[in-house]
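J.: So that we are looking at the same thing, I have put the structure below in structure tokens.
Numbering (the numbering used here), first residue to last: 1 to 178.
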């Protein structure tokens, strides 16, 4: 592995570790608040992207919603912010920096617990810019709904300036500007 590869792996590992700490507390709080729902485990969640009926493009910004659906047979809880990592062709790791909070298109609902019944979904707004000379050509996006090492990979053929992504916390409905 090259030095750049080691730095990229270290950056992704640090981001995942940070997200694990933040979302573990949120999942515990959500489980306690709902009484019965424990944290969503590996294999219980499916990640996709969706427009959710709204276009997110303007001023060199582009966006989509991340959608996580409980495919399990019992309710489970998630919270906080999704862990993110860009991948290039051949699923090679790309330098990725995720900024948590408001995006260009949506207000951040803030980290809070969400109980997902079977078949129900939560959403986060994901935004990036694509006009700079330092754009990285991503082909895939790793999404860790709970910030753990368990993640889904979705097709993501996008140019992303500097590997920088902005993302809101998970919400029961797609986050909006209002």
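Positions of the beta carbon are idealized from the N, C-alpha and C atoms, including for glycine.
This structure is a prediction, so every number in the text was calculated from the model and none was measured.
Whole angstroms are fine: how far does the CA of residue 106 sit from the CA of residue 177?
T.: Looking up residue 177 in the chain shown gives position 177. Looking up residue 106 in the chain shown gives position 106. Approximately 4 Å between the Cα atoms of the pair.
J.: Have a look at 146, 166, 50 and flag the residue whose alpha-carbon is nearest the alpha-carbon of residue 113.
T.: For this step, residue 113 is matched to residue 113 along the chain shown. Of the listed residues, the one whose Cα sits closest to residue 113 is 146.
J.: What is the residue span of the beta strand (DSSP E) that residue 149 lies within?
T.: Counting from 1 along the chain shown, the entry for residue 149 is found at position 149. Segment: none, residue 149 is in no beta strand (DSSP E) and carries neither H nor E.
J.: Does the pairing of the region 114–122 with the region 96–106 give three or more beta-carbon distances under 8 Å?
T.: Verdict: no, contact absent.
J.: In whole angstroms, what is the alpha-carbon distance linking residue 148 and residue 158?
T.: On the chain shown, position 148 is the one that residue 148 refers to. On the chain shown, position 158 is the one that residue 158 refers to. Those two C-alpha atoms are separated by around 24 Å.
J.: Report the rounded CA-to-CA distance for residue 33 versus residue 78, giving the unit in angstroms.
T.: Sequence index remark: in the chain shown, residue 33 carries index 33 (1-based). Sequence index remark: in the chain shown, residue 78 carries index 78 (1-based). A caution first: residue 33 carries a pLDDT of 40, below 50, which makes its placement in the model unreliable, though a value can still be read off. Spanning the two alpha carbons is a distance of roughly 12 Å.
J.: What does the Cβ neighbour count give for residue 175, buried or exposed, with the cut at 16 atoms within 10 Å?
T.: Locating residue 175 in the chain shown gives position 175, where the first residue counts as 1. That one is buried.
J.: Which complete alpha helix (DSSP H) runs does the region 78–142 hold, if anything under 4 residues is left out?
T.: Listed in chain order, nothing qualifies, since the region 78–142 has no complete alpha helix (DSSP H) run of 4 or more residues.
J.: On a Cα-Cα basis, can you pick out the residue from 111, 133, 134 that is closest to residue 123?
T.: One-based indexing of the chain shown puts residue 123 at position 123. Out of 111, 133, 134, 111 has the C-alpha closest to the C-alpha of residue 123.
J.: Look up residue 54 in the DSSP assignment and give the residues it is bridged to.
T.: Along the chain shown, read from residue 1 onward, the residue named residue 54 stands at position 54. Residue 54 pairs with nothing; no bridge assigned.
J.: So, is residue 166 buried or exposed, given that buried needs 16 or more other C-beta atoms within 10 angstroms?
T.: In the chain shown, counting from the first residue as 1, residue 166 sits at position 166. When all chains shown are included, residue 166 counts as buried.
J.: Would you mind reading off the limits of the beta strand (DSSP E) that contains residue 70?
T.: On the chain shown, residue 70 is found 70 positions in, with the first residue counted as 1. Unbroken beta strand (DSSP E) run through residue 70: 61–70.
J.: Where residue 53 and residue 164 are concerned, what is the direct C-alpha to C-alpha distance, given to the nearest angstrom?
T.: Indexing the chain shown from 1 puts residue 53 at position 53. Indexing the chain shown from 1 puts residue 164 at position 164. One C-alpha to the other measures close to 24 Å.
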